[in-house]
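*Asks:* Counting from 1 along the sequence shown, just add 18 to a position and that's the residue number in the working numbering. Heads up, the beta-carbon is just placed ideally off N, CA and C, and yes, glycines get one too.
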Amino acid sequence: HPEFAGRVRTVAKNLDPPARLTLQCYYSAAVWLAQKYQARNKSLPDYFSKELNLHPTEDLEENLRGLAKRHEELSGARVNWLGTYQHAAKVWLKGLELRVVE
Numbered sequence: 019h020p021e022f023a024g025r026v027r028t029v030a031k032n033l034d035p036p037a038r039l040t041l042q043c044y045y046s047a048a049v050w051l052a053q054k055y056q057a058r059n060k061s062l063p064d065y066f067s068k069e070l071n072l073h074p075t076e077d078l079e080e081n082l083r084g085l086a087k088r089h090e091e092l093s094g095a096r097v098n099w100l101g102t103y104q105h106a107a108k109v110w111l112k113g114l115e116l117r118v119v120e
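Quick look at the structure:
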């Protein structure tokens, strides 16, 4: 929901640290996934890279891999974060396909 992007920083500030980290990482993944699947659409501003100590490049896959690694470091959770982001993208794309069919 890109229409909520303008409020994401305010919401993040009001969350406890673990929830803030989750929001920041998933939002950052959404930024790069949207660019990947919507022909470099820049509709979602990158608000959290600096705070997460990430250095985005033009390589969206590298950005996602770096984010997944950083998410694991900061959360302490040994989760396949990259796979989690990719799964969320598949669900999102499927929803877009269903809207087109209807």
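1. Measure from the alpha carbon of K112 to the alpha carbon of each residue in L39, G101, Y55 and L70, then state which is nearest.
2. Could you spell out where the alpha helix (DSSP H) holding G84 opens and where it closes?
3. What whole-angstrom Cβ distance do A47 and L82 have, given they're in contact under 8 Å?
4. The alpha helix (DSSP H) that contains T40, what's its start and end?
5. Whose CA, out of K31, V49, P36 and R27, lies closest to the CA of S93?
6. So A23 packs on P63, CB below 8 Å; how close in whole Å?
7. Within a Cβ cutoff of 8 Å, which residues of the same chain sit near Y103, ignoring the five residues on either side of it in sequence?
*Replies:* Based on what the coordinates show:
1. Y55
2. L78 to S93
3. 6 Å
4. P35 to Y55
5. P36
6. 6 Å
7. Y44, A47, L51, L82, L85 and A86
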